[in-house]
Amino acid sequence: MSVSGSSSKVRIMAMFVLLFALFSSQSSAAQVPLLMWSSEGLPPLASPAAGHITSNDQLTAYLTSAFGSGPNTVLLFLQDKLSKEDFTLFGGVFGNKQDSAFQNLEVGFHNFIHDYQIKSISLQVIPERSMSQQAVGRSLLQSVEATVKEPIMFNVSGNPCIMLWAQNLNISLTDKWIDLAAETPSLDGSICNGSNSLLVLTYASGHILRFAMSQRLYKVSARHWFTLDSVELQSKDLTASYVGRRNIYAPAEYSFHCQSVTSFRDTLLVPSSNNNKNTTNWRLNFVDFQIQGFGLANGTNFSYASDCAGFFTAGIWMGLITSLLMLWIFVYGMHMIMQLNTMDRFDDPKGPSISVPQTE
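Numbered according to mature numbering (1 follows the signal peptide of the UniProt record, and there is no 0), the sequence shown spans residues -29 to -1, 1 to 331.
Here is the structure:
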């Protein structure tokens, strides 16, 4: 707050620096520093010590003395974060330090030096741990796990004898595909023994699938192999048979697996020539198909699967044949270059000419 008199001769008679806090009624509040500057002295009042907390009564006495000398112009500057450095640090910022009032303030600060003790206070700060010290967890959104269907299993005397699993067992009698894997079949009529196995799947929709398998010893390999001899599809009074013994086979102690077993594209199930003409448009498409009719030594689990996908695919064969052809061309070229012979004698223009007899 600044109060300046209206007299023609302005004399700086006194300068008081008051740093005190304004108190709210019946409760303590934050102290607010105050600088009072007057062109007239205030002799009746004693100068307060720096840092002294002035009460409301003392503040009223200082203001009454300043305003009681007649009409005055009063300027009040309120700054809730005012400090001593605000008046001393930037005193000559405008280049007119000699004529500035900050010189008088600095002199006043140097003349009125008082020692005082500040009461100790306890600072209570909420502890904050850094991110490096905190255990950061990550929660993943739970995804719905795909339900894996149990394999179709035919038991004899409490032991598994035939197992079949497929993602889809699609059949088509007209233009519409039907997935029989979504239905629960009956296994009535299924049989198995040491040399033959028959798995009969009877569905409530009226469709019947029969998988006939057999095993025998092959002397060339000296081991037993099983084959899926045929797959029969029956609907009402019509039956279509598909031969699979030429393409679907595996060692007797293994299971057979194929990603796609169809009767119309890359056929592993060849339609029988004895089928009724009314079943010509019937089609089978088994997706992720696996079957085992013998040697179930792992209980309810399939044995090692012999996959229908061969190691030498069409792309691999094309690459091998092309590489061998290029290698043969390279070897033939090197052989022809090594067969080139240089002449033993050369014609010397300064010496006698070489005569080559020509005989007819």
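Even glycine gets a Cβ: it sits at the ideal position worked out from N, Cα and C.
Helix, strand or coil for Q29 per DSSP?
helix
Could you check what DSSP says for I24 in three-state terms: helix, strand or coil?
coil
Span of the alpha helix (DSSP H) holding F301?
A285 to M309
Can you tell me whether DSSP reads S128 as helix, strand or coil?
coil
Can you tell me whether Y33 is buried or exposed? The criterion is at least 16 other CB atoms within 10 Å of its CB, across all chains shown.
buried
How is T35 classed by DSSP in three states: helix, strand or coil?
helix
Check for me: the beta strand (DSSP E) holding L169 runs from which residue to which?
N167 to T173
Within 8 Å, strictly: CB atoms of R216 and L188:
no
Let me know if T330 comes out buried or exposed under the rule of 16 or more other beta-carbons within 10 Å of its beta-carbon.
exposed
With a threshold of 8 Å on Cβ separation, who are the neighbours of S243 within its own chain once the five nearest residues in sequence on each side are excluded?
S201, A211, S212, Y213 and V214
Mapping the DSSP letters down to three states, classify A211 as helix, strand or coil.
strand
Quick check: F197 and Y220, are their CB atoms within less than 8 Å of each other?
yes
For A285, count neighbouring Cβ atoms within 10 angstroms of its own Cβ and tell me buried if that reaches 16, exposed if not.
exposed
Can you list, in chain order, the residues of its chain whose CB lies under 8 Å from that of S326, leaving out five sequence neighbours each side?
none
Identify whether L151 lies in helix, strand or coil by the three-state DSSP scheme.
helix
Three-state secondary structure assigned by DSSP to N139:
strand
Check for me: the beta strand (DSSP E) holding L180 runs from which residue to which?
H178 to Y189
Can you name the start and end residues of the beta strand (DSSP E) that T198 belongs to?
R194 to S206
Skipping 5 residues on each side, what residues in its chain have a beta carbon closer than 6 Å to that of L267?
P131
Exposed or buried, which one is T118 when buried takes at least 16 other CB atoms within 10 Å?
exposed
Run through DSSP, which three-state label would T238 get?
coil
Taking just the CA atoms, how far does I133 sit from G165?
12 Å
Measuring CB to CB, does T173 end up less than 8 Å from P156?
yes
May I have the straight-line CA-CA distance separating F260 from D278, to the nearest angstrom?
10 Å
So which of H195, Y225 and S36 has the shortest CA-CA distance to residue 332?
Summary: the structure shown does not reach residue 332, with the chain confined to residues -29 through 331, and so no result is reported for it.
What whole-angstrom Cβ distance do L239 and F182 have, given they're in contact under 8 Å?
L239 to F182, Cβ: 13 Å. No contact.
Buried or exposed by the 16-neighbour rule on C-beta atoms within 10 Å, applied to Q(-4):
Here the model assigns Q(-4) a pLDDT of 38, short of 50, so the residue's position is not dependable and the matter cannot be decided.
Which residues DSSP lists as bridging N256, in chain order
N141 and T233
Let's test the definition: count the other Cβ atoms within 10 Å of the Cβ of E148 and tell me whether it reaches 16, buried, or not, exposed.
Residue identity differs from the one stated: residue 148 is Trp in this sequence, not Glu. Exposed, because fewer than 16 other Cβ atoms sit within 10 Å of the Cβ of W148.
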